[in-house]
Amino acid sequence: MKPGGANGGGGRLRAAWKSFSRRTSPLTTGAELARFRLMYERFREILAYNDSTLQLIADIEDRLTGRAPFALDTIVQRVRKTAMDVFVMVKNLNQISGNRHADLYEALRALNAELEAIAPPPGDQSGQPMVVPLSDLRIHHTSAAGTKMAHLGEIRACAKLLVPEGFVVTTAASATFMSANELWGRAERLEGMLETRGGAAAVTEACHEVQSAILAAPVPDAVAAAALAAYDKLAAGRELLVAVRSSAVGEDTLASHAGQYHTELDVTRDGLLDAYRSVIASAYSPAAVSYRFERGMTGHEATMAVGCIRMLAPRCSGIMFSRRPESPADDGIVVSAVPGVSAGVASGEQGAQVWVVGEQPQTPNSSLLSKVDLLELLDAARRLEHCFGGPQEIEWAKEAPDSLFILQSRPMVVAPTASADEVEPLSDEPPILVGGLTACPGVGAGPVVIVQRDEELDSFPAGGVLVARHSSPTFSLVMARCAAIVTDVGSPTGHMASLAREYDVPALVGSGRATAFLQAGEPVTVDATRHQVFAGILAAARTRPLAPAPVETPALQTLRQIARLVTPLSLTDPESKEFRPASCRSLHDITRYVHEKAFGVMFHYGDLASADTHHARRLAVRLPLTIHVFDVGGGLREGMADGFEISEDDVVSEPLRSFLAGLLDQRLHWDRPRPLSARGFLSVLGESMAGPPAEALKVGRASYAIISDRYLNFSTKAGYHFSTIDTYCGASLNKNYIHFRFSGGAADASRRLRRVQFISNVLSQLDFRVQTRSDLLVARLQKYPREIIHARLVDLGRLTMCTRQLDMLMDSDASPEFFARAFLTGEMERF
Amino acid sequence: MPDLKVLLVDDELEFLEPLSTRLARRGVSCSMATSGEDALRALAGRQFDCAVVDVKMPGMDGLELLRRMRRDFPAMGVVLLTGHASVELGVQGMELGAFDYLLKPLDLDELLDVVRRAALHT
């Protein structure tokens, strides 16, 4: 079958055809039958791809509301596949119409080029360097070096501050690593799983599987050799320890990935490749995958570069905010420091000394930092702000003798300024806990949920107050649904604090003994602004909206650009001059055009049949019509005798059976003389003498039925008019339709118009959407259940017989109305 | 009806051989070529009703081969095959006059119908 063979009918029909054609082997070599079958298959394929394209459009529009996070990669892949499906639609239409719509190729080509510019197909990264020294990096190298390392290069080059020496193993290297071990596909499925199943718990196992596969995979020679050579150059013959850190594309931009990825410290040459794998694997932790997913980041942003930088031996180190989070307008900084290496400060596992440098300069009362040190930090903070534009969150270290190194600088998340309408909660009782520092200001209330292990986050209830010993960035998993956070240990400059501000969850850290004082399940009100916790739910506690408001995420922005080329429909009116290939501005326009024109072609499917009498079988029924039957798949009974004539019983095509039931309605006495008004009769004669339309002469009274088990295309010239029915009728409501077209007639124009009026009246009453233009009528019935479709086909059979010479009866303007009522009430003797 | 004579062109023998066998079983006589150059040599010596050509081949690719076939053998229908779904290649192929553009994996019955039609196409 074809790609994505959504057209369920095709394969089955083909199978049915196979069983039929084997018995009638002389036919199977016939190119003419191949032509019939191909035309049918191509038409069915157009309809199937039309449906799947409309489904994609609906899904994109749903994602664009921003109500729920979505997997951009999955949508992009579907768009890419759909563009190919639309190509097949365009190709098929041209094939069934004798290339009459070749301009569509150009329209599609232009749209596809625009789509590929926005979402380039997965490219080839060979030729890109595997390793780049830090001294060569600037901020625009983000896509190769990741945000963190590109920023580090910029700190050195722009802010003229010291950064540790090192190199980056590029995103091209990790792409090589992932491809060589066939890990991409598995990694990409994770986001898709999140979208369909929801919740980090659902993907935990799959994430661990991907991570284990990464940890066990060999690093390709090209990557390993380049990384080790860069290490040797850096070490210059000494024993050198390096820090191996994540540097993902998109990491540390405003939606900070604070602490989601792994850093490995004190790595030796022997441990380098293991550390490299660990860092890559950390991009697929459940927390990291759902974090990216919720923030609407693209899978591309998980592509990891890995930085290797010399381990410092600092006297002290820490974190600095270039502005005070609660008053970013003032010229202040917040510095936290610990002796030695600071890894524990950020992750919240270690308490730290905190200085707030602002309007009232504080004299440090410890030996860690002198006033000169703080001024040096203040100067560095301003330079970094100047280079990167905006408040920064900075990791720093002081190494002997007295050098200030910057390890990282990223945009600082500034807390929403404490709103004026936030009321201090009032309680008659004193607070049950006082102390700690504001990580994110605000008041929140709910039952206490004590979290000891990360796994407990999976079952965290909406609206709970998270209480934990240590602050942890993994709490981001539940920040969208928790009312407040209180920790015993933690720093307002830690990763979790950044995340809390990003999610706007009131958070109180370093409270000392919250886990000891607060009981699980006890309702409490947390006033993070004033460092207090009260018993009970107090009135002033604001109710947080638990679902985050739609934010303009990178994924949404990309999707919006893509959607512009996919979803808008400008080709609304098939009668308009603008209904042409050159006016197609979206995939929706092209499918609309193809769909409309394909039905137009199928109205003339019978012409193909009239040109080929070799493969027709004649239906032996008592009717004033000669019906030639062409079976394109499963429309005739199996085990039927060979021969020219077939009986009604040989027909298994469901729509043809229903239609025949209408044609053969016992109440219709077509073989008796009919009431004929003299004027009407003369009118017919008049037209005949002037010469009937040429096509009526050509086809005479022959009719053609092209059938499969569920398809019927019936065209007939009964009397002097020409009508076509094209219908599909199966179990799936969405695929069912009847299209009916009627034109011409021998009588004078006013009678012909009255007859069209009559048919229009009848079909409108029977739920068809009817359009008429002069004496051409097109009626459509779509997406009705099978029983209704069958009932309407019986009606159309009956109507076909009734309209045979009806224009002779249409001698007054009241006639259409009169006969329509007669038809609908079953007074068949009127005809 | 005489046997159809079809030229199959694909650089992957592991695809070509089974396809040739299956088509032969259905009364289509097949010749194989593993490159564009190879195909042109085969065409110089024999007439074919239809050619089935893989788009992605090293050396002369399927589109270039199609261009030459349309120029030098306009009476022969050319069906393009591809494992790599690309709108741009598809559009180019159809605009260059391919009879059809089919995606792998193939449905043999469909290919048979297409080949029969392509043989009469001109």
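Chains as they are written, first to last, in this note's numbering: chain A, 85 to 915; chain B, 33 to 154. A virtual CB, placed ideally from N, CA and C, is assigned to each residue, including glycine. Here the structure is a predicted model, which is why all the values come from computation and not from measurement.
Inter-residue Cα distance where the pair is A/V172 and A/D187 = 14 Å
Status (buried if at least 16 other CB within 10 Å, exposed otherwise) for A/N820 = buried
Since A/A367 contacts A/Y345 with CB under 8 Å, what's their CB separation in whole angstroms?
-> Contact annotation, A/A367 with A/Y345: C-beta distance approximately 6 Å; criterion of less than 8 Å satisfied.
Close beta carbons around A/M686, own chain, < 7 Å, minus the five adjacent residues each side = F127, N797, D810
Which first and last residues belong to the beta strand (DSSP E) in which A/H712 is found?
-> Annotation for A/H712: the continuous beta strand (DSSP E) segment containing it runs 710-717.
CA-to-CA distance, A/L893 to A/S899, given in whole angstroms = Rounded to the nearest angstrom, the two C-alpha atoms are 8 Å apart.
Which whole runs of the beta strand (DSSP E) in the region 234-258 of chain A are 3 residues long or more, in chain order?
-> 250-253
In chain order, what residues of the region 113-140 of chain A put their CB closer than 8 Å to some CB of chain B?
-> Cβ contacts with chain B: T113, G114, A115, A118, R119, R121, L122, E125.
Do A/N52 and A/A313 have their C-beta atoms within less than 7 Å of each other?
-> Because residue 52 of chain A is not part of the residues shown, which for chain A are 85 to 915, the question remains open.
Chain-ordered chain B contacts of A/Y189 [CB-CB under 7 Å] = V123, M126, E127
Could you tell me the distance, in whole angstroms, from the CA atom of B/T53 to the CA atom of B/V147?
-> 15 Å
Interface residues of chain B around A/K175 at Cβ under 8 Å?
-> G122, M126, D132, Y133
Can you say whether A/D851 is buried or exposed, counting buried as having 16 or more other CB atoms within 10 angstroms of its CB?
-> exposed
May I ask which residues mark the beginning and end of the beta strand (DSSP E) holding A/E479?
-> 476-483 is the span of the beta strand (DSSP E), which, as asked, contains A/E479.
What does a CB cutoff of less than 7 Å around A/L192 pick up in its chain, not counting 5 residues either side in sequence?
-> Correct list, in chain order: V170, F171, V174, I674.
C-alpha distance - A/Y868 paired with A/I790, whole-angstrom precision | Counting only the Cα atoms, A/I790 lies some 22 Å from A/Y868.
Is DSSP giving A/G881 helix, strand or coil here?
-> helix
Provide the residue span of the beta strand (DSSP E) that contains A/Q492, from first to last.
-> Element bounds for A/Q492: 487-495.
State yes or no: is the C-beta of A/A612 within less than 7 Å of the C-beta of A/P525?
-> yes
A/G746: first and last residue of the uninterrupted alpha helix (DSSP H) it sits in | 738-747
Give a yes or no on whether the C-beta atoms belonging to A/T260 and A/A228 are separated by under 7 Å.
-> Not in contact: A/T260 and A/A228 (Cβ atoms no closer than 7 Å).
Report buried or exposed for B/D42, applying the criterion of at least 16 other Cβ atoms within 10 angstroms of its Cβ.
-> buried
Is B/P106 helix, strand or coil by DSSP?
-> The three-state secondary structure of B/P106, taken from DSSP, is coil.
Between B/D93 and chain A, is there a C-beta pair that is closer than 7 Å?
-> no
Where does A/Y677 fall in DSSP's three states?
-> DSSP places A/Y677 in helix when its eight states are reduced to three.
Could you run through the region 43-59 of chain B and flag, in chain order, every residue whose CB is less than 8 Å away from some CB of chain A?
-> G59
Can you have a look at B/L48 and say buried or exposed, based on whether 16 or more other CB atoms are within 10 angstroms of its CB?
-> buried
Contact set between the region 94-118 of chain B and chain A, restricted to residues whose Cβ is under 9 Å from the partner | A117, S118
Does the distance from the C-beta atom of A/F903 to that of A/F842 stay below 7 Å?
-> yes
If you measure from the beta carbon of B/L152 to each beta carbon in chain A, is any gap under 7 Å?
-> So yes, B/L152 belongs to the interface.
State the start and end residues of the unbroken beta strand (DSSP E) segment that holds B/G115.
-> Note, B/G115: premise wrong, no beta strand (DSSP E); not H, not E.
So which residues of chain B does A/F714 contact, with C-beta pairs closer than 8 Å?
-> Per Cβ cutoff of 8 Å: no residues; A/F714 is ~15 Å from chain B at best.
Are there 16 or more other CB atoms within 10 angstroms of the CB of A/W268, so buried, or fewer, so exposed?
-> exposed
Three-pair Cβ contact test at 8 Å for the region 462-477 of chain A versus the region 237-244 of chain A | yes
Of the residues A/F618, A/A647, A/H235, A/D457, which one's Cα is nearest the Cα of A/S670?
-> A/A647
Residues that A/M686 contacts on chain B, provided the C-beta gap is smaller than 9 Å | Within chain B, no residue comes near A/M686; the closest Cβ sits about 18 Å away, beyond 9 Å.
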